[in-house]
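Accompanying notes for the structure given below.
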Amino acid sequence: MHHHPHPRERDTAAFAPAAPLASLVAAAECVPFISVPPRHSNQQLLFFFFFFFFFSFASPTEQLCSSFLLLLLVIVRTSAGDNRTTPNGAAAAVMAAATVGVLLRLLLLPVVVVVSLLVGASRAANVTYDHRAVVIDGVRRVLVSGSIHYPRSTPDMWPGLIQKSKDGGLDVIETYVFWDIHEPYDFEGRKDLVRFVKAVADAGLYVHLRIGPYVCAEWNYGGFPVWLHFVPGIKFRTDNEAFKAEMQRFTEKVVDTMKGAGLYASQGGPIILSQIENEYGNIDSAYGAAGKAYMRWAAGMAVSLDIGVPWVMCQQSDAPDPLINTCNGFYCDQFTPNSKSKPKMWTENWSGWFLSFGGAVPYRPAEDLAFAVARFYQRGGTFQNYYMYHGGTNFGRSTGGPFIATSYDYDAPIDEYGMVRQPKWGHLRDVHKAIKLCEPALIAAEPSYSSLGQNTEATVYQTADNSICAAFLANVDAQSDKTVKFNGNTYKLPAWSVSILPDCKNVVLNTAQINSQVTTSEMRSLGSSIQDTDDSLITPELATAGWSYAIEPVGITKENALTKPGLMEQINTTADASDFLWYSTSIVVKGDEPYLNGSQSNLLVNSLGHVLQVYINGKLAGSAKGSASSSLISLQTPVTLVPGKNKIDLLSTTVGLSNYGAFFDLVGAGVTGPVKLSGPNGALNLSSTDWTYQIGLRGEDLHLYNPSEASPEWVSDNAYPTNQPLIWYKTKFTAPAGDDPVAIDFTGMGKGEAWVNGQSIGRYWPTNLAPQSGCVNSCNYRGAYSSNKCLKKCGQPSQTLYHVPRSFLQPGSNDLVLFEQFGGDPSMISFTTRQTSSICAHVSEMHPAQIDSWISPQQTSQTPGPALRLECPREGQVISNIKFASFGTPSGTCGNYNHGECSSSQALAVVQEACVGMTNCSVPVSSNNFGDPCTGVTKSLVVEAACS
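In the working numbering, the protein residues as written are 53 to 1000.
This is how it looks when you write it as structure tokens:
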């Protein structure tokens, strides 16, 4: 995933040596079991030991045979007149039975080997490709895929996310592998890639593993560990031996980990595709011939790892054989692979866009996304992946950018909290069902294209014997609906839509006509007392137990601070060990300096970003921030100086490191100057003076974020400081009951980071507002989408709600720690739970029938008509109330519907009868059901309902 303009290059300071890497954990070896005959003279013990030893290792067949022989021998001895079985006799019987068992085992061994080989071979899949599709065990497959990034959710969430993906019609889950989180060898918790891949396999889905190891992904430093920058002589993503050695080492580590767990399809696992590098073709021209050599090396290195499944390179038009070059973008229907032997694949269909601090919230209409998907399969594509299908959360300091927000919701079909986003999820599920109805034709025939008139196109997939036929009819006009003739029939095509005809005759779906329900969700605050129906006050479950605080000192407090002349670039200094770097110096003032105007002077500080605070003699004198479009800061502020020594402390803060563009790894941060005091008669340039540097905060060194470590820094007092910079806050809270997703509303705070039970939920910044302009009330899905076409929440905070995964919480008491950089009032924050408030649907008489009711005309003479379907989002819920129903010409959106000029008086009663008390219901959209309130007009049914 990419997204930023080419970053500025800068002069890098001298490289520091890289920290030594921890050695890799060796794979455990299997030690064969060796049995030693027991040296014990007691025959009874020998009898029991031998019998149970054999029995425990025998197959059920051998156990049965041996038991039968033992019984036979005992019977023989008993019938021979020895009316009690002696130990000698019993032992002999067991010996005989065991001997037979061993003979049986030797006889059966070849059979067992052959059977197990056959079973193993049936589990392992042969994955190849041809010019049309990925081929699994000799069969072409039309595949629908979606991205879920394992560290952006929690292991507890993974099974539910994967199941919702499967229910939504996905065949494949795609994920990047994030190099920085796995070094040194760390695959625990949210980093447990093996567990994630196995969870996908458990659901019966495939995996596309995008190793990169550069991933972009709006992830800190593009997924590279920052220590890589300090390897002597290294140059990233070019023909550089130091870089290639590290890249190959990590790629092999990932491949070996996957092979060790048997996760490639060639081993019987779910991984059917893998990616090397990532969107390199977008920027490789900046690296010249060395870039091309590196790209070819990366391809060869990947193939040499012998994973038994195809490799891809995305956005790499010259990817060498056998790698498949694939497309990323909002539309990829016009994409063509670089060889006639490769299939047309789309690795990133951007389902929305990422959120930046200081930006409005982007979204992508479901009709446009569905149009892009249908156009791709219409035009010969057979593998399409949503980036993202579930975006998730940028926990900790994992965001890239700079200025990428903590929420990575992406307007994806499954939202940040793991709830399906309707109608997007449901409409795409219907699109996938329609595509799958066409799969027999798509894999059997070549596409045949014909024009149906201006901006309209038919594509037919038909076998030579005419036994299988599927068609797609597209209207790519951004304004006008069209009526077209196809195969002797007339079809209405809304603007910017595709109709799908699995039998070349009947329309099963049109991408602009949504049959899926819409849900509106709300965050219910639990932070204040709620009036119950009987006037009793409910104590909020989340009542916090008062706040403790600790003051973060201004300037240098650590003994390991470094003093050097001049200003140092931040990332080379901190190696990203912290967001924070203090720059500290002092000047002596006599009172007659040319840069003074009385006691006043103007201070200028220029910084590469991302956030800057200036303290004079321990007091905040000014602050400034960059933005996602330019992180550069030029801060000018009047300052008051005192006679004698004056201390100047600059706190420079990063908000995620660059993740995209040529040479993005060299983009700097921090105060690089000039730093100047100026007055009416002259100036003092402080850029070359001695500066003292401190990496990180004292509270970070003291682990104040970890409540299990007691610290004398904390002050428990009824009166705690508010709206002051550099304060740590701590409190206890009780987790909300139930299993609704939880978020903290940080309204009232400035900027900082938050930890729940010692786990960082990410950076918060509710005071960073979106621009006042650029948003639209309702976004027209017609016409080409771009990342700034559909924006909401202009003039409002980019993000106020911050996800707290349920697995971060514990029963009883929980700890919340905040570090507040700018100043805020923690008593104003509140806990919220995410709940569905309404389910709605809007279906017209012109819509196709619900796709599940569609049966091919060979099996039925009557085509079902359109129907409005509602379903409660959670198990155990029923439709309890119809808030609104109208049949005629209603208007509006879910939660805000209005009756039109024409409206049936029976609508509410009909819908109540069909739906109330049901977990789901289907209401035919027809005048036969509601009467005809206005003849000759196309009518619609809209319903808003509540579940409980």
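Each residue gets a CB set at the ideal place from its N, CA and C atoms; glycine is no exception.
Within the region 413 to 497, the alpha helix (DSSP H) runs of at least 4 residues that lie entirely inside it are, in chain order, 418 to 430, 476 to 496.
Per DSSP, the continuous alpha helix (DSSP H) segment holding M347 begins and ends at 340 to 356. Following the DSSP letters along the chain, one finds C999 inside the beta strand (DSSP E) bounded by residues 992 to 999.
Sequence-distant partners of Y346 (beyond 5 residues in either direction) whose C-beta falls short of 6 angstroms from its own C-beta, in its chain, are T290, D291. According to DSSP, L684 shares a beta bridge with no other residue. Judged by beta-carbon spacing, R416 lies within the 7 angstroms limit of D463, meaning their Cβ atoms are closer than that value. Note that the C-beta distance between A787 and L861 is below 7 angstroms. Distance from the Cα of P265 is smallest, within the candidate group G928, E235, D644, V559, for E235. The beta carbon of R921 sits closer than 6 angstroms to those of Q902, S974, all from its chain and outside the five residues before and after it, given in chain order.
In this model, D791 and L687 are separated by some 47 angstroms (Cα to Cα). For T303, the enclosing alpha helix (DSSP H) stretches over residues 293 to 312. The way I'd put it, the region 777 to 787 does touch the region 848 to 868; three or more beta-carbon pairs between them come closer than 8 angstroms. Taking 7 angstroms as the cut-off, the Cβ atoms of I796 and Y854 count as close.
With respect to P976, S956 sits apart: the two C-beta atoms are not nearer than 7 angstroms. Per the coordinates, the alpha-carbon of I335 lies some 19 angstroms from the alpha-carbon of I376. Under DSSP, S882 takes part in a beta bridge, and its partners are D797. Nearest Cα to D867 within the set S938, L561, F387, K782: K782.
In chain order, M471, R886, Q887, T888, S889 place their CB closer than 7 angstroms to the CB of S573, counting only its own chain and leaving out the 5 sequence neighbours on each side. The three-state secondary structure of N758, taken from DSSP, is coil. Within the region 519 to 571, complete beta strand (DSSP E) segments of at least 3 residues are found at 521 to 527, 534 to 538, 541 to 545, 549 to 553, given in chain order. Bounds of the alpha helix (DSSP H) holding I214 are 210 to 219. Beta-bridge partners assigned by DSSP to L222: none are found. Around the CB of V550, 16 or more other CB atoms lie within 10 Å, so the residue is classed as buried.
In the DSSP assignment, K671 falls within the beta strand (DSSP E) that extends over 671 to 677.
Per the coordinates, the alpha-carbon of G722 lies some 7 angstroms from the alpha-carbon of T705. Judged by DSSP in its simplified three-state form, A253 adopts helix.
Here the alpha carbons of G452 and G478 stand approximately 31 angstroms from one another. Taking each of N933, R175, P849 in turn and checking the Cα distance to A412, the smallest one comes out for P849. Closest in C-alpha terms to S391, from the list Y383, T774, Q929, D373, comes D373.
With 16 or more other Cβ atoms from the protein chains shown falling within 10 Å of its own Cβ, Y273 counts as buried.
When C-alpha distances from Y228 are compared across P900, I323, P465, M620, the shortest belongs to I323. Counting along the chain, T615 sits inside no alpha helix (DSSP H); it lies in the beta strand (DSSP E) bounded by residues 614 to 617. Proximity to M575 across C384, P793, A294, A627 peaks at P793, based on C-alpha coordinates. Between V196 and D223, the gap from beta carbon to beta carbon is short of 7 angstroms. The residues E270, F406, S408, N446, G708, in chain order, have a CB closer than 7 angstroms to that of I456 in the same chain once the five nearest residues on each side in sequence are set aside. C831 sits away from C846, with the two beta carbons spaced by 7 angstroms or more.
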